[in-house]
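Quick notes on the structure that follows.
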Amino acid sequence: MLSFALTVLLDGISYGMILFLISVGLTVTMGLMRVVNLAHGAFAMIGGYVAGYLTQQGGNFYLAVIGGAAAAAMLGAIAEMTIYRPLYRRGELSQVLLTVGIVFVATGAVTGIFGAFPYPVVFPAYLTRPIDIGFREYPAYRLFLIAVGATIAAVLWLVLDGSTYGARLRAAVDNPAMARAVGIDVNLLFTGTFIIGCALAGLGGAIGAGILSLEPAYALKYIVLFLVVVIVGGEGSFGGSFVAAMALGIIDTLGKYFVPEAAAYLLYAAVFVLLLWRPRGLLPPKSAA
Amino acid sequence: MTLSTPTLSVRCLSKSFGALVAAQGIDLDLMPGARVALIGPNGAGKTTFVNLLTGFLTPDSGTIALAGENVTVLRPEERVKRGLVRTHQISTLLVDNTARDNVAIAIAEREGFAWRLLRFGKEWRRCCDEAQQKLDEIEIGGVAERCVSQLPYGEQRLLEIAIALALWPRVLLLDEPAAGVPSYETDVIHHALGRLSADIAILIIEHDMDVVFRFAHEIVVLVQGRVLMRGMPETVSADPRVRAVYLGKTAR
Amino acid sequence: MIRGRPVLTAFGHALPWAIAIVYFYVAPYALSFGTQVMIWILFAMSLDLALGYAGILTLGHAGFFGLGAYAAGLFTIHVSPDPILGHLAAVALAALFGAITGAMILHTSGVTFLMLTLAIVSMLSEYANQARGLTGGDDGLQGIRLDPIFGVFEFNIFGKTAYVYAAVVLFGWFLFAWRIVHSTFGRSVDGIRQNPRRMRAIGTPVWWRLLAIYTISAAMAGSAGALSAHSTRFVGLSVLGLLTSGIVTVALILGGTRRLYGAFVGATTYFVVQDWSAKISPFFWEFVVGGMLIVTVLLLDGGLLDLGPAAVRLRDRWRAGREGK
């Protein structure tokens, strides 16, 4: 019984870690610059595909993952400077439409370059084996995800809480106008953070390929999940997106185990009810913009 | 409703935002034909008071009555239907439409046509005709067909007033009607204000003392959410407390 | 519409229907393509009412389309094979669903509202996927056999009945939409899009107006879904998918919002481009359509229908420049 509960917990947390890694960049984009970025999943997808390609060519797994993250970051930088900049001043409608267009382009590009079938990332052998964790054997892969996710989350938390960059970022999320007035270059801050967010998404897409499998429909399929994490957690809230990601991961896993047929739509029903009850998310940041 | 029933009656209106007390026990009566100016330093709570009156904020306590009818729990649109109309300090006109359309839409709303899906011809023309009339009364009839985005700012403010008048107000709240208007255009606005119908009760929120002295028969001074005093313009401007609060704004 | 040129305007109004009639005679073996385009014109027009005129930012319209499609299909199988009855039932169900969900979510706005619409359409999609017994799941709803319309017009592989049926339904809804949009109701809804606060300040019950237009839009989308089920005699899971919502949004924006005819131009363009580029390679259409959408949003704010007025504006500005203002 306990073994079962722990398995479910670990499954849920490892899934949640991937969701967090990918979504954390999105929560900053939406909370800081108030841009609805429906194309965020595309960066995760690109990171995954690049890592997949590199590993399939026989490259080192860790380098491939970094390569994926770097590719996502580079494309993010280019996209931010060319396509996203004009969006800051335009309304939500334009942002939604434009980012939907980006999703289409990314989906088409990926199909063209890599083909329409699911695309694997080749994980090192020791990650695909189960490990004995005392009372049972458990996939090393999932433990790896938890380890990486927790480490990055901890680093982000330290940076956010303890560094000047973090302080400036928090100030800018709380009140961009005030931050500018105090001399913080919000635009530069944002561009840098956007790129980091894309890199993290690419990383998540790469290492998470065992759970969220890579295929051309990835960007469109999973964006709803990422949006759920961001909006349920509260736009711009790191803590909120972490909690929401964990909750989503665990609830989804529980659902799959206990009510496999109803799990999927019950999850969305829960999101629906939650948003009606708390429109600004579970842990929104202090500001009311 | 007897002759002595105030058109607008506010009793003990209070509102706090956490530790910030925005309104404290405000009492106010407006008789038909009143010309009252509401003044006070920034942060005195004038905007909060207007939002409480129009229904965009719910008071913590107190009542608001229109011609004897308690409207404290009514939604903004319901208060408008009962004659409580407001103009906005920051223009909220429909910029994609013409001046006349803006007024006509308001008339359609007043007449209850606006929910009609299928009929458009006759009723809409009637609204447009009356809209033209209202624009003529405010003396901007010539720009009826121009898009709001192309109107000079002074005419936009006049249009706001025209729209408000088209709703047949019993109480008219004018929120800084001349704010942001270049000085060569303010005369037109003052002129229009002077010609407003004598049975409307008007509360004008203003910083510009010229407008206040030209227009108001009485002044209410609001400081930190409380009514400091109410009286005739000469009395109020001579009062030492008011002068202390303003410190040089009314340099007379 | 086109100022000072009543003949040109009348010609413009007649043009889409003339094209539809000509197509019927000129392309008797490609009628199903034309039917599909007309169905999506109707679908895009429904979105124009909600998104274009009322400013309701939704990505969940596929929910009404899919609901209409499944309702029409299931009605045929379980209740009666009469297409008119089935169509009406689908429209009624879609309208009801629109009214109920609209009542629950229309008090919110922006990203929260968008997310709620996404949640709804995802819920429907997942439910349809899971309820195999009802919907056929992945395989889709099959075995839809329709009676002839009015007992006379048979549905067959040539698709003539389906084509005319879709055209008539589209025409009917178009007339209705045109009247709504030009009515006082339509103007007030347009005002709500521009400035909800202003509309409240003149006494408009904003929430009720939005609910009304949302419900009408849902009914129209449901009708398009019913047409889809009837014309192909098949309903697949994709009708409820996020991709479907995305495609209809693209189609509308490409053509231009708030003109009703934008739906005509956009949906036609989308399917022509998709058909053509699919022949080149299977992925190319996504790329092309995505690119067109990006360009439209960044440069052509009013969609393709704005090309004309935009060109006129450019020409006027150029002339003014030449004359030294």
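Chains as they are written, first to last, in this note's numbering: chain X, 599 to 887; chain L, 956 to 1207; chain R, 125 to 449. We treat Cβ as the ideally placed atom computed from N, Cα and C, and that holds for glycine.
query: Sequence-distant residues of the same chain with beta carbon closer than 7 Å to E278 of chain R, five excluded per side; result: P272, T285
query: Segment limits, beta strand (DSSP E) that includes L1012 of chain L; result: Where L1012 of chain L is concerned, there is no enclosing beta strand (DSSP E), given that its DSSP letter is neither H nor E.
query: Boundaries (first-last residue) of the beta strand (DSSP E) holding T1047 of chain L; result: Careful: T1047 of chain L lies outside any beta strand (DSSP E) and carries neither H nor E.
query: CB contact check: F856 of chain X to chain R, cutoff 8 Å; result: no
query: Bounding residues of the beta strand (DSSP E) (the contiguous stretch that carries R735 of chain X); result: In the sequence on display, residue 735 of chain X carries Glu and not Arg. That run of the beta strand (DSSP E) goes 735-737.
query: Backbone CA spacing between A343 of chain R and E1131 of chain L [nearest angstrom]; result: 45 Å
query: Any chain R beta carbon closer than 8 Å to A887 of chain X; result: In this prediction, A887 of chain X has a pLDDT of 37, which is less than 50 and means its spatial position is unreliable; what the coordinates show is noted afterwards. No, A887 of chain X does not count as interfacial toward chain R.
query: Start-to-end residues for the beta strand (DSSP E) that takes in I975 of chain L; result: Looking at the sequence shown, residue 975 of chain L is not Ile but Leu. That run of the beta strand (DSSP E) goes 975-985.
query: Contact the stretch 326-343 of chain R vs the stretch 195-212 of chain R: 3+ CB pairs below 8 Å; result: no
query: Top-ranked residue by Cα proximity to R1055 of chain L, from L:I1019, L:I1116, L:G1038, L:W1070; result: L:I1116
query: Residue from X:G706, X:V606, X:L600, X:M844 whose Cα sits closest to the Cα of E813 of chain X; result: X:G706
query: Interfacial residues, the stretch 304-323 of chain R to chain L, with Cβ spacing under 7 Å; result: I304, H306, S307, T308, F309, R311, S312, G315, Q318, N319, R321, R322
query: Residues that Y251 of chain R contacts on chain X, provided the C-beta gap is smaller than 7 Å; result: Y863
query: Cutoff 8 Å; reference L183 of chain R; Cβ partners in own chain excluding five residues on either side; result: L238, T241, L242, V245, L366, S369, G370, T373
query: Contact check, A667 of chain X vs A845 of chain X, beta carbons under 8 Å; result: no
query: Per DSSP, the bridge partner or partners of Y717 of chain X; result: X:L812
query: Beta-carbon proximity list for E690 of chain X, same chain, < 6 Å, skipping 5 on both sides; result: V634
query: Beta carbon of L198 of chain R nearer than 8 Å to that of F298 of chain R; result: no
query: Of the residues X:V753, X:Y724, X:G732, the one placed nearest Y739 of chain X, counting alpha carbons only; result: X:Y724
query: Per-residue burial, K1001 of chain L [other beta carbons within 10 Å of its own, 16 or more giving buried]; result: buried
query: Cross-chain neighbours of L228 of chain R in chain X, by beta carbon under 9 Å; result: Note that residue 228 of chain R is Met in the sequence shown, not Leu. Going along chain X in sequence order, the residues near M228 of chain R (Cβ under 9 Å) are F870, L874.
query: Three-state secondary structure (DSSP) of A134 of chain R; result: helix
query: Those runs of the alpha helix (DSSP H) which lie wholly inside the stretch 619-662 of chain X and span at least 4 residues; result: 638-654
query: Under 9 Å (Cβ pairs) to chain X, residues found in the stretch 171-195 of chain R; result: L175, G179, L181, L183
query: CB-CB length for A193 of chain R against A350 of chain R, believed under 8 Å; result: 7 Å
query: For G689 of chain X, three-class secondary structure by DSSP; result: coil
query: Where R1041 of chain L sits in the DSSP three-state scheme; result: strand
query: Which residues DSSP lists as bridging D1130 of chain L, in chain order; result: L:I1160
query: CB of V1176 of chain L within 8 Å of CB of V1166 of chain L, strictly; result: no
query: Short CB-CB distance (under 8 Å) between E1085 of chain L and chain R; result: no
query: Rounded straight-line distance, which links the Cα of V1005 of chain L to that of D1015 of chain L; result: 15 Å
query: Listed by chain order, chain L residues near A444 of chain R by CB distance under 9 Å; result: The premise fails here: A444 of chain R is roughly 15 Å from chain L at the closest Cβ pair, so nothing lies under 9 Å.
query: G283 of chain R - DSSP class collapsed to helix/strand/coil; result: coil
query: Below-8 Å beta-carbon distance, P1014 of chain L vs any chain R residue; result: no
query: Pairwise C-alpha distance: M628 of chain X and A1119 of chain L; result: 38 Å
query: Distance between W164 of chain R and F388 of chain R (C-alpha atoms, nearest Å); result: 9 Å
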